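Peer 1:
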Amino acid sequence: MADNKDLMGVFADTDTAAEGARQLKSAGFTSDDYDVLTGNPYPEGAFGEHVKKNRLFVFALSGSFIGFAIAFLFTAATQTAFPIVTGGKPILAIPAMIIIMYEMTLLFAMIFTVVGVIFESRLPRPGGEGPVYDTRITLGYIGLIVTTTEDRLEKAEEALKAAGAEDIVRESS
Amino acid sequence: MQKTDGNEVVIPGAPATQEDLTQELLHDSLQTGSRMRKALLISGVLSILGFVGLIMHFASGSSDHTTWNFYAVVYFYVFSVTMGIPMASIGLRMARAQWRRPTSRSAELFAIAGPINLIFFIPILLVAPPIEGRNSLWMDWALAPWFPDIIMMVLLVVTGLAFLYVSLLPDLASVRDHGIGRAQRIATILSRDWNGTKSQWSIHKSALGILGAFYITAYAMTHLVLATDFAMTLVPGWKDPIFPAFHAVTGIQMGTALLIVTMYLLRRLGGFGRYFELEQFWGYSRLLLALSLFYFYFWWCAFILFWYARLPHEQAVVALFISGDYADPSVFSRPQFLMFLGAIGFSFFLPLLLLMWNVLRRSIVGPTIVGVIILIGGFFDRMRLYANAWSVDQVGGHGLEYIPEINAPTISDLFVMVGMISSILFLYLLVSRVVGFVSLWETRQALLLRFVKPWGVGHVSVVIKPE
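Protein chains in written order, with numbering that gives the first Met the number 0: chain A, 0 to 172; chain B, 0 to 466.
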């Protein structure tokens, strides 16, 4: 929602961050209300947060279909444009075309995957600033970001402080 | 120190805390000392030799491909080694081998060799004889072989770089947040808005899986296409479906060997002893033993068919790549046989004889020595294949009619070899100044997932597998 604000509790270790998540739930926040920032991957759901399934495979699949189609059309078009019968084989010799189709399928799938990583990870984030951030995250600290309405921010801050957050970072208004 | 149920124990071989890890990998290892400056300067200057060698080669003519035989040897040797290293890392990552975590970065950084391989591949395309009159994969297609070969090379190189970039993203964010100077500026541009959200990590994990799978498939196919177009089809009568697989496997073998040697050098010269421990050398030595057995297996499978069949064109292929010209009564004066001895001796027999002993396998020096031996054997092997195949000037026919003389290497070949290796080393060291030789996020995760627990009278390592 447009009037939602971000607030982040910075935790020094896993145990206190997990406690922070528990405190947030006790305070009435759901797993959709907060996200976790970490400097290294944790098992999914380690802090009770909701992790949306990513759609990266859609990019890879779309790329592979496009690459396959382009390769098929390209090889078929060039071979029919310059028809040379080799060894009694058909003009459109599938075994020889397979290699080109394989290459192009993989090439486009790879390019689309990279585009997918950039787009899905919001690198860069369109429309300006991302969520609140603290550079201690890349030092091994854990950030719990609560996204909620302004009137519930106090409640979230209390929950995070009660769990032992070292610091509270607010979104600059 | 790591707390485990109230017992405070030190994890052997790893820095004590997350902060120490950050200090060592993010600050200390990114400092460019005088030794690193010298290495960068020397490798940078020597890189120029590669291009000088290339110009000298073209100046001496490009119409006769047989004079480029040692250029092909050098090219396919460097290509096989450098593009094979990321395979070792990607394969182990997919197998969820926890011990490989500190070594992933030093292996994956070799993907940076891709652009150099691509540049030096262009002369191969220009000089290789056309496919008319030769057996080929391409059914006389007008765009072959340059179009499919260049697409394949671009695919492999770009996939390697994409995999490297995705793998680097979290560490680039660390350098963005805590680095200094030029490294920080570069990391800020490359890491963009990486914050480490759960969805970003989820995509990161999927992307490494998908791109890793693409690299493996591209690697296998590139070896198929290149080994067929630039070795097999140059020799009339050489029809060997096992050869591309042999080519790909020996590339991984040589890549693993170079990775072990790199780990040893980083341990000795770079102060990375904490990260490249006995566990890593032991792990890779077992892989190296398996790959050395594969060397023999693939070679034998191909050889036995030719040896049993004994048709004239098959005997010629055996003579070209293994025994040398039967007209020469002394086998030891046949260069082909000496190349073969060097290849199989250094790539299979010596590694097997050394690595079969656990005491050697489970050491740091043992696998390193075997790594050096395999790198020598790999060079003999590529020389056996490419110096001979590129010396054949006969086009067409059912079989090789005579065993050709091998053109000796020239100074320009030496320049190309020194230049190619130096330019890859230069790029490798240069990129390491931004992201280091050891992955911060992977090592940090390993630290988080590994505990040492009291067990009996000693301690055991307990590794948590998150999935």
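We treat Cβ as the ideally placed atom computed from N, Cα and C, and that holds for glycine. From a predicted model like this one, the values you see are computed outputs, not experimental measurements.
Mind listing the chain B neighbours of A/Phe-81? Cutoff is C-beta to C-beta under 9 angstroms, in chain order.
Peer 2: On the first sequence, residue 81 of chain A is found 82 positions in, with the first residue counted as 1. Those within 9 angstroms of A/Phe-81 in chain B are Trp-140, Ala-141.
Peer 1: I want to verify the contact list: residues of chain A whose CB lies under 7 angstroms from the CB of B/Lys-197, in sequence order.
Peer 2: The sequence position of residue 197 of chain B within the second sequence is 198, counting from 1. Under the 7 angstroms cutoff, chain A gives Asp-34, Val-35, Glu-48, Val-50.
Peer 1: Between the Cα of B/Ser-62 and the Cα atoms of B/Ala-127, B/Cys-300, B/Pro-243, B/Leu-163, which residue gives the shortest distance?
Peer 2: As a position in the second sequence, residue 62 of chain B is number 63, starting the count at 1. The shortest C-alpha separation from B/Ser-62 is found at B/Ala-127.
Peer 1: Where DSSP assigns a beta bridge to B/Ile-121, which residues make up the other side?
Peer 2: Here the question's residue 121 of chain B lines up with position 122 in the second sequence. BP columns for B/Ile-121 are empty, so no partner.
Peer 1: Kindly list the residues whose CB is nearer than 7 angstroms to the CB of A/Thr-15, restricted to its own chain and excluding five residues on each side of it in sequence; keep chain order.
Peer 2: Here residue 15 of chain A refers to the residue found at position 16 of the first sequence. Hits under 7 angstroms: Ala-162, Gly-163.
Peer 1: Would the region 306-319 of chain B count as touching the region 263-275 of chain B if we require 3 or more Cβ pairs under 8 angstroms?
Peer 2: no
Peer 1: When you check each C-beta in the region 167-200 of chain B against every C-beta of chain A, which residues fall closer than 9 angstroms?
Peer 2: Leu-168, Pro-169, Asp-170, Ala-172, Ser-173, Val-174, Arg-175, Asp-176, His-177, Ser-190, Arg-191, Asp-192, Trp-193, Asn-194, Gly-195, Thr-196, Lys-197, Ser-198, Gln-199, Trp-200
Peer 1: If you reduce the DSSP assignment to three classes, tell me which class B/Arg-443 lands in.
Peer 2: Here residue 443 of chain B refers to the residue found at position 444 when the second sequence is read from its first residue. It is helical.
Peer 1: What is the residue span of the beta strand (DSSP E) that A/Phe-10 lies within?
Peer 2: For the purposes of this step, residue 10 of chain A is taken as the residue at position 11 of the first sequence. In the DSSP annotation of this structure, the continuous segment of the beta strand (DSSP E) that includes A/Phe-10 starts and ends at 3-10.
Peer 1: Contact defined as beta carbons within less than 8 angstroms: I believe B/Ser-460 pairs with B/Arg-449. What is the distance between those atoms, to the nearest angstrom?
Peer 2: Start at 1 with the first residue of the second sequence, and residue 460 of chain B comes out as number 461. Start at 1 with the first residue of the second sequence, and residue 449 of chain B comes out as number 450. At roughly 6 angstroms, the Cβ-Cβ gap stays under 8 angstroms, so B/Ser-460 and B/Arg-449 are in contact.
Peer 1: Residues in the same chain with beta-carbon distance under 7 angstroms from B/Trp-389, minus the five sequence neighbours each way, listed in chain order, please.
Peer 2: Residue mapping note: residue 389 of chain B aligns to position 390 of the second sequence, counting from 1. Cβ within range, chain order: His-64, Thr-65, Trp-67, Asn-68, Ala-71, Leu-233.
Peer 1: Count the CB pairs spanning the region 27-39 of chain A and the region 65-84 of chain A that are closer than 8 angstroms, and state whether there are at least three.
Peer 2: no
Peer 1: Quick check on the DSSP output: the beta strand (DSSP E) that includes B/Lys-464 runs from which residue to which?
Peer 2: Stepping through the second sequence from its first residue, residue 464 of chain B is reached at position 465. Counting along the chain, B/Lys-464 falls outside any beta strand (DSSP E), and DSSP gives it neither H nor E.
Peer 1: Using a 10 Å radius around the Cβ and a threshold of 16 neighbouring Cβ atoms, would you call A/Arg-169 buried or exposed?
Peer 2: Along the first sequence, one-based indexing puts residue 169 of chain A at 170. Under this definition A/Arg-169 is an exposed residue.
Peer 1: Under 7 angstroms between beta-carbons, which chain B residues line up against A/Val-116? List them in chain order, please.
Peer 2: Translated into the one-based positions of the first sequence, residue 116 of chain A becomes position 117. In chain order: Val-165, Ile-202, Ala-206.
Peer 1: Kindly say whether B/Glu-107, judged by its beta-carbon, lies nearer than 9 angstroms to any beta-carbon of chain E.
Peer 2: Given the protein chain composition of this structure (A and B), no chain E is represented.
Peer 1: Does B/Phe-242 get closer than 9 angstroms to chain A when you measure Cβ to Cβ?
Peer 2: As a working note, residue 242 of chain B is residue 243 in the second sequence. It does not; no Cβ of chain A falls within 9 angstroms.
Peer 1: Excluding the 5 residues flanking B/Ser-421 on each side, which residues of the same chain have their C-beta closer than 6 angstroms to its C-beta?
Peer 2: On the second sequence, residue 421 of chain B is found 422 positions in, with the first residue counted as 1. Within the same chain, and ignoring the five residues on either side of B/Ser-421 in sequence, the residues whose Cβ sits closer than 6 angstroms to its Cβ are Ser-42, Leu-45, Ser-46.
Peer 1: Any idea what DSSP makes of A/Leu-91, helix, strand or coil?
Peer 2: Your numbering for residue 91 of chain A matches position 92 in the first sequence. A/Leu-91 falls in the coil class under three-state DSSP.
Peer 1: Would DSSP call A/Glu-18 helix, strand or coil?
Peer 2: Walking along the first sequence from the start, residue 18 of chain A turns up at place 19. In the structure shown, A/Glu-18 sits in a helix (DSSP, three-state: H, G or I).
Peer 1: Can you tell me which of the three DSSP states B/Phe-450 falls into?
Peer 2: Indexing the second sequence from 1 puts residue 450 of chain B at position 451. If DSSP states are grouped into helix, strand and coil, B/Phe-450 belongs with the strands.
Peer 1: Determine the DSSP secondary structure at A/Asp-150, reduced to helix, strand or coil.
Peer 2: As a position in the first sequence, residue 150 of chain A is number 151, starting the count at 1. DSSP places A/Asp-150 in helix when its eight states are reduced to three.
Peer 1: Run the CB neighbour count on A/Asp-150, radius 10 Å, all protein chains shown included, and call it buried at 16 or more, exposed below.
Peer 2: Here residue 150 of chain A refers to the residue found at position 151 of the first sequence. With fewer than 16 other Cβ atoms within 10 Å, it is exposed.
Peer 1: For B/Lys-197, does the count of other Cβ atoms within 10 angstroms reach 16, so buried, or fall short, so exposed?
Peer 2: For the purposes of this step, residue 197 of chain B is taken as residue 198 along the second sequence, with counting starting at 1. Label assigned to B/Lys-197: buried.
Peer 1: A/Glu-156 and A/Leu-23 look like a contact to me (Cβ under 8 angstroms); what is the Cβ gap, rounded to whole Å?
Peer 2: Residue numbering aside, residue 156 of chain A sits at position 157 when the first sequence is read from its first letter. Residue numbering aside, residue 23 of chain A sits at position 24 when the first sequence is read from its first letter. A/Glu-156 to A/Leu-23, Cβ: 11 angstroms. No contact.
Peer 1: Check the Cβ-Cβ distances between B/Ile-84 and every residue of chain A, and say whether any is below 9 angstroms.
Peer 2: By 1-based counting over the second sequence, the position of residue 84 of chain B is 85. So, not an interface residue.
Peer 1: My output table needs one value for B/Arg-92: the three-state DSSP class, helix, strand or coil.
Peer 2: Taking the first residue of the second sequence as 1, we reach residue 92 of chain B at position 93. It is helical.
Peer 1: Are the C-beta of B/Phe-213 and some C-beta of chain A separated by less than 9 angstroms?
Peer 2: Locating residue 213 of chain B in the second sequence gives position 214, where the first residue counts as 1. Yes, B/Phe-213 counts as interfacial toward chain A.
Peer 1: Could you confirm whether any beta carbon from chain A is found closer than 9 angstroms to the beta carbon of B/Trp-440?
Peer 2: Within the second sequence, residue 440 of chain B is the residue found at index 441, counting from 1. Taking Cβ atoms only, chain A reaches closer than 9 angstroms to B/Trp-440, which makes this a yes.
Peer 1: Compare the C-alpha of B/Gly-365 against each of B/Leu-39, B/Met-262, B/Val-316 and name the closest.
Peer 2: Counting from 1 along the second sequence, the entry for residue 365 of chain B is found at position 366. It is B/Met-262 whose Cα lies nearest to the Cα of B/Gly-365.
Peer 1: Around the Cβ of B/Gly-395, are there at least 16 other Cβ atoms within 10 angstroms (buried) or fewer (exposed)?
Peer 2: On the second sequence, residue 395 of chain B is found 396 positions in, with the first residue counted as 1. Label assigned to B/Gly-395: exposed.
Peer 1: Taking a contact to mean a Cβ-Cβ separation below 9 angstroms, would you say A/Arg-54 touches A/Gly-115 in this structure?
Peer 2: Reading the first sequence from its first residue, position 55 is the one you call residue 54 of chain A. Reading the first sequence from its first residue, position 116 is the one you call residue 115 of chain A. Inclusion of A/Arg-54 and A/Gly-115 in the CB contact set at 9 angstroms is warranted, their separation being smaller than that value.
Peer 1: Strictly under 9 angstroms for the Cβ-Cβ distance: is A/Glu-175 near chain B by that measure?
Peer 2: Only positions 0 to 172 of chain A appear in this structure, which leaves residue 175 of chain A out of reach.
Peer 1: For chain B, find out if any of its Cβ atoms is closer than 9 angstroms to the Cβ of A/Glu-43; answer yes or no.
Peer 2: The sequence position of residue 43 of chain A within the first sequence is 44, counting from 1. Interface residue, yes.
Peer 1: Can you tell me where the alpha helix (DSSP H) holding B/Asp-170 begins and where it ends?
Peer 2: Within the second sequence, the letter at position 171 stands for residue 170 of chain B. Where B/Asp-170 is concerned, the enclosing alpha helix (DSSP H) stretches over 145-177.
Peer 1: Secondary structure at B/Thr-196, three-state DSSP: helix, strand or coil?
Peer 2: To locate residue 196 of chain B, count along the second sequence from 1; it is residue 197. Strand at B/Thr-196.
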